[in-house]
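Chains as they are written, first to last, in the numbering used here: chain C, 1 to 240; chain V, 1 to 194; chain G, 1 to 183.
This report concerns only the one structure given below.
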Amino acid sequence: MARRFSILLIAFLVAAAWLPGPVDVLASALDAPLRQAQDDGRLTAGDAQAIEASIDQAKAEGLPSAPFTAKAEEGLAKRVTGRAIIQALETMRSDYAFARDALSRGGRAPSPDDVIMAGDSLRLGLTRQELDDMAAFEPPASPAELATAARTRAALNAVVFPARLSDDILRRGLASGALSAQWAQLFRVVQRTREAGIPDAAVAQAATRILADGGGPAELLQELGLTGRDTRKAPGKPSK
Amino acid sequence: MNVQPRTDTSNDDLASGLRRLGAMDPGEDFAARVMGRIGAAAPQAGPKRRMARVVEWLTEPRSIRVSPLGGIAAAACLLLALGLFFKNYGGFENGATPAGLSPVTFVLAAPSAREVAVIGSFNGWKTAGWTMRNDPATGLWTLTTALPPGSHEYVFLVDGTTPVTDAAAALSVDDGFGSRNSVLLVKNGDGAAL
Amino acid sequence: MDKPDNDRDDAMAVERTLSGEREAFAVLVRRYQGPVYRLMLRFSRDEHEACEMAQDAFVRAYERLASYDQRRRFFTWLYTLALNLARDRARRVAREPLYRQDLEQTHADPRHDPLANLEAARILDALRGLSPKYAEALALRYIEDMPLDAVAETLGVSMSGAKMRVHRALNMLRELYGKEGTP
Numbered sequence: 001m002a003r004r005f006s007i008l009l010i011a012f013l014v015a016a017a018w019l020p021g022p023v024d025v026l027a028s029a030l031d032a033p034l035r036q037a038q039d040d041g042r043l044t045a046g047d048a049q050a051i052e053a054s055i056d057q058a059k060a061e062g063l064p065s066a067p068f069t070a071k072a073e074e075g076l077a078k079r080v081t082g083r084a085i086i087q088a089l090e091t092m093r094s095d096y097a098f099a100r101d102a103l104s105r106g107g108r109a110p111s112p113d114d115v116i117m118a119g120d121s122l123r124l125g126l127t128r129q130e131l132d133d134m135a136a137f138e139p140p141a142s143p144a145e146l147a148t149a150a151r152t153r154a155a156l157n158a159v160v161f162p163a164r165l166s167d168d169i170l171r172r173g174l175a176s177g178a179l180s181a182q183w184a185q186l187f188r189v190v191q192r193t194r195e196a197g198i199p200d201a202a203v204a205q206a207a208t209r210i211l212a213d214g215g216g217p218a219e220l221l222q223e224l225g226l227t228g229r230d231t232r233k234a235p236g237k238p239s240k
Numbered sequence: 001m002n003v004q005p006r007t008d009t010s011n012d013d014l015a016s017g018l019r020r021l022g023a024m025d026p027g028e029d030f031a032a033r034v035m036g037r038i039g040a041a042a043p044q045a046g047p048k049r050r051m052a053r054v055v056e057w058l059t060e061p062r063s064i065r066v067s068p069l070g071g072i073a074a075a076a077c078l079l080l081a082l083g084l085f086f087k088n089y090g091g092f093e094n095g096a097t098p099a100g101l102s103p104v105t106f107v108l109a110a111p112s113a114r115e116v117a118v119i120g121s122f123n124g125w126k127t128a129g130w131t132m133r134n135d136p137a138t139g140l141w142t143l144t145t146a147l148p149p150g151s152h153e154y155v156f157l158v159d160g161t162t163p164v165t166d167a168a169a170a171l172s173v174d175d176g177f178g179s180r181n182s183v184l185l186v187k188n189g190d191g192a193a194l
Numbered sequence: 001m002d003k004p005d006n007d008r009d010d011a012m013a014v015e016r017t018l019s020g021e022r023e024a025f026a027v028l029v030r031r032y033q034g035p036v037y038r039l040m041l042r043f044s045r046d047e048h049e050a051c052e053m054a055q056d057a058f059v060r061a062y063e064r065l066a067s068y069d070q071r072r073r074f075f076t077w078l079y080t081l082a083l084n085l086a087r088d089r090a091r092r093v094a095r096e097p098l099y100r101q102d103l104e105q106t107h108a109d110p111r112h113d114p115l116a117n118l119e120a121a122r123i124l125d126a127l128r129g130l131s132p133k134y135a136e137a138l139a140l141r142y143i144e145d146m147p148l149d150a151v152a153e154t155l156g157v158s159m160s161g162a163k164m165r166v167h168r169a170l171n172m173l174r175e176l177y178g179k180e181g182t183p
């Protein structure tokens with residue numbers, strides 16, 4: 001009995017993977033919130049169709065579709081207008097396409113996660129020019145490292161770290177192959193060094209040294225005389 | 001290219017043409033320009049509104065900076081309350097943290113809110129199971145959970161309709177809709193946010 | 001755009017603005033900048049002017065916010081305010097048909113092809129030829145995609161009245177649009 005059921009389930013999933021349109025498993029995650037929003041009068045039928053069309057378009061272009069669904073869900077939960085959701089999805093599609101092109105330069109093959117990380121960075125503070133420039137660095141970095149560089153740079157821009165210094169750090173990081181995923185937290189180090197009165201230039205110099213040696217942000221904190229202690233814990237709670 | 005005379009345009013064509021006009025928009029910087037023109041001016045006060053305004057200011061939702069180094073009096077009072085608070089609602093001190101996840105506590109000061117939820121990239125922006133607990137004595141809303149390492153975007157959803165960002169968050173980012181999301185960075189290992 | 005939750009959003013934004021939180025007004029601007037701008041397009045000579053007029057409308061709405069009756073729907077109040085402002089301006093300004101201007105002068109959205117822009121300009125021009133009560137009914141129904149009851153509420157008429165206006169307006173527009181001929 002169980003065996004027959006699992007055969008049916010597999011058959012269904014295979015069918016779902018092969019058949020376009022109504023048997024689209026991923027789009028169904030959005031059906032309920034879309035319907036609810038229309039019932040509530042917050043979304044017109046036209047907008048709902050446009051949202052689904054936008055997601056289909058992303059899939060047709062071979063872009064990872066989960067973030068689009070998530071962005072639509074976010075918009076619906078925040079009760080923004082249908083037009084705002086559609087605009088956000090269009091922007092996302094454009095960003096992801098651009099990121100994929102940049103990361104694919106020189107015959108490299110970015111994974112969907114790389115495209116998502118680099119594409120999101122364009123919303124989070126990275127300019128297209130900056131992404132282009134980093135993708136053109138010699139020697140060419142892997143798509144995963146480029147994606148990390150994009151994320152790191154976006155956050156540095158967001159805390160208004162000087163562009164020249166960000167350039168130095170990321171060039172060194174990409175050249176040394178030491179830009180692990182943790183470096184995306186660099187902006188947080190900068191926030192703490194600023195609280196401690198350490199100049200940005202000193203942080204940049206230390207970061208490039210650490211990267212040249214293959215280290216991570218934890219080593220950077222030690223080098224700068226700050227420990228890894230979390231300053232956000234509540235009083236009375238023991239530190240680990 | 002020849003443009004056909006439009007004498008045979010149907011009503012449907014016109015309706016479609018009108019709808020396409022609906023895509024015209026003054027652009028992303030429009031709001032900034034309006035706000036710039038408004039400047040520091042307050043709206044002209046209507047005679048009955050002043051008391052209502054004072055009351056509203058006292059009760060509107062605000063997120064607070066939670067830090068033992070906080071220097072402002074308001075934060076210090078709240079911290080004392082928090083110290084007592086966390087003893088009772090310590091989260092994962094008694095139970096084990098699910099493997100790979102790190103404990104996180106969200107806090108929002110919103111004394112006049114009826115309900116508050118945390119919605120974000122970690123829960124599909126859905127409120128179910130993510131409503132915050134209210135302490136009537138302090139007016140604070142809290143939620144303790146465990147999240148995987150990495151970067152998470154979130155907001156507080158007040159009374160089911162109003163997104164509010166977290167003033168205590170390390171970073172706020174563009175959400176793509178013209179508004180902002182708060183960012184939470186969760187580290188591996190010791191479970192503390194950097 | 002016309003159901004209780006949106007009304008509560010708007011009401012809360014208004015309250016917060018009046019309490020001194022200026023930035024809360026930006027929420028309302030972003031939410032309604034589209035419809036107000038598109039309204040101004042029908043009363044102005046080009047997109048730049050429409051943008052200026054739309055800003056004027058929001059600035060005036062901010063200044064007069066204390067006089068807004070919160071039992072009414074915010075968008076209705078805003079739209080009426082913007083419409084009055086537009087009509088004042090329109091009386092002072094001679095109108096030129098938009099589509100005879102050089103296309104380069106209009107701030108064309110790069111996603112639209114020039115021919116679509118021409119169509120937009122022609123429809124807008126035809127709309128200007130309608131009497132205001134018909135033009136607004138049509139705009140709210142088709143450009144802003146509002147359901148009939150919201151159109152009725154915004155215009156201050158009954159639902160059957162709104163339905164009739166929209167129907168007649170569409171027929172009148174078709175005549176005007178057809179008569180414009182080829183450029």
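Idealized CB from N, CA, C, for every residue including glycine.
If you're wondering where the values come from, they're calculated on a predicted model, not measured in any experiment.
With H, G and I counted as helix, E and B as strand and the rest as coil, what does DSSP make of Gly-107 (chain C)? helix
Using a Cβ-Cβ cut-off of 6 angstroms (strictly less than) and excluding sequence neighbours within five positions of Leu-238 (chain G), which residues of its own chain qualify? Here chain G covers residues 1 to 183 and nothing more, so residue 238 (chain G) does not appear.
Cβ-based neighbour list, Ala-58 (chain C), same chain, cut-off 6 angstroms, excluding 5 preceding and 5 following: Ser-65, Phe-68 and Arg-93
By the 10 Å Cβ neighbour count, where 16 or more other Cβ atoms means buried, how is Asp-12 (chain V) classified, buried or exposed? exposed
Within 10 angstroms of the Cβ of Val-155 (chain V), are there 16 or more other Cβ atoms? Answer buried if so, exposed if not. buried
Same chain, Cβ closer than 6 angstroms to Leu-170 (chain G), five either side skipped, listed in chain order: none
Ala-88 (chain C) and Lys-71 (chain C): beta carbons closer than 8 angstroms? yes
By the criterion of Cβ-Cβ separation under 7 angstroms, what are the contact partners of Ala-150 (chain G) in chain V? Within 7 angstroms Cβ-Cβ: nothing; Ala-150 (chain G) doesn't reach chain V, min ~15 angstroms.
What do you get for Pro-217 (chain C), buried or exposed, if any count of 16 or more other CB atoms within 10 angstroms of its CB means buried? buried
Whole-Å CB distance - Arg-30 (chain G) paired with Ala-31 (chain V), under 8 angstroms assumed: 5 angstroms
Check the Cβ of Arg-31 (chain G) against every Cβ in chain C and list those closer than 9 angstroms, keeping chain order. Val-80, Thr-81 and Ala-84
To be precise: take each residue of the segment 39-54 of chain C, compare its Cβ to all Cβ atoms of chain G, and keep it if any distance is under 7 angstroms. Which residues remain? Asp-40, Gly-41, Arg-42, Thr-44 and Gly-46
For a cutoff of 8 angstroms on Cβ pairs, would you count Trp-141 (chain V) as touching chain C? no
May I ask you to report which of helix, strand or coil DSSP gives Ile-86 (chain C)? helix
Tell me which residues of the segment 167-182 of chain V have at least one Cβ-Cβ distance to chain C shorter than 9 angstroms, keeping chain order. Ala-168, Ala-170, Leu-171, Ser-172, Val-173, Asp-174, Asp-175, Gly-176, Phe-177, Gly-178, Ser-179 and Asn-181
Any chain C beta carbon closer than 8 angstroms to Met-7 (chain G): In the sequence as presented, Met is not what sits at residue 7 (chain G); that position holds Asp. So, not an interface residue.
Can you check the segment 107-137 of chain V for any beta strand (DSSP E) of at least 3 residues that lies completely inside it and give the ranges in chain order? 116-120 and 133-135
With DSSP as the reference, label Phe-156 (chain V) as helix, strand or coil. strand
Going by Cα to Cα distance, which pick from C:Asp-31, C:Pro-33, C:Asp-39 and C:Leu-34 is closest to Pro-147 (chain G)? C:Asp-39
Please list the terminal residues of the continuous beta strand (DSSP E) segment that includes Arg-180 (chain V). 180-186
Pull out every residue of the segment 115-127 of chain V whose Cβ sits closer than 8 angstroms to any Cβ of chain C, in chain order. Ile-119, Ser-121, Gly-124, Trp-125, Lys-126 and Thr-127
Can you check whether the C-beta of Ala-31 (chain V) is within less than 8 angstroms of a C-beta belonging to chain G? yes
Give me the Cβ distance between Gly-129 (chain V) and Glu-153 (chain V), rounded to the nearest whole Å; I'm assuming they're in contact under 8 angstroms. Wrong, their Cβ atoms sit about 18 angstroms apart, outside the cutoff.
Going along the chain, which residues of its own chain have a beta-carbon closer than 7 angstroms to the beta-carbon of Asp-132 (chain C), five neighbours each way excluded? Ala-102
What residues are listed by DSSP as bridge partners for Pro-103 (chain V)? V:Ala-146
For Ser-151 (chain V) and Phe-197 (chain G), the rounded distance between their alpha carbons: Shown here, chain G extends from 1 to 183; a query on residue 197 (chain G) therefore has no answer.
Does Thr-91 (chain C) have its Cβ less than 8 angstroms from a Cβ in chain B? Considering every chain present, this structure includes no chain B. Its protein chains are C, V and G.
Compare the beta carbon distance of Pro-163 (chain V) and Gly-139 (chain V) with 8 angstroms and say whether it is the shorter of the two. no
Against chain C: residues of the segment 43-68 of chain G by CB proximity under 8 angstroms: none
Use the C-beta contact count for Gly-214 (chain C): other C-beta atoms within 10 angstroms, 16 or more gives buried, fewer gives exposed. exposed
Is Gln-222 (chain C) close to chain V? Criterion is C-beta to C-beta, closer than 8 angstroms. no
Beta strand (DSSP E) segment containing Leu-224 (chain C), residue limits: It is not in any beta strand (DSSP E) - Leu-224 (chain C) carries neither H nor E in the DSSP assignment.
What three-state label does DSSP hand Val-80 (chain C) in the structure shown? coil
Could you tell me if Gly-21 (chain C) is buried or exposed, where buried requires 16 or more neighbouring beta carbons within 10 angstroms of its beta carbon? Because the pLDDT of Gly-21 (chain C) is 44, which lies under 50, any placement of that residue in the model is unreliable, and the question is left without a value.
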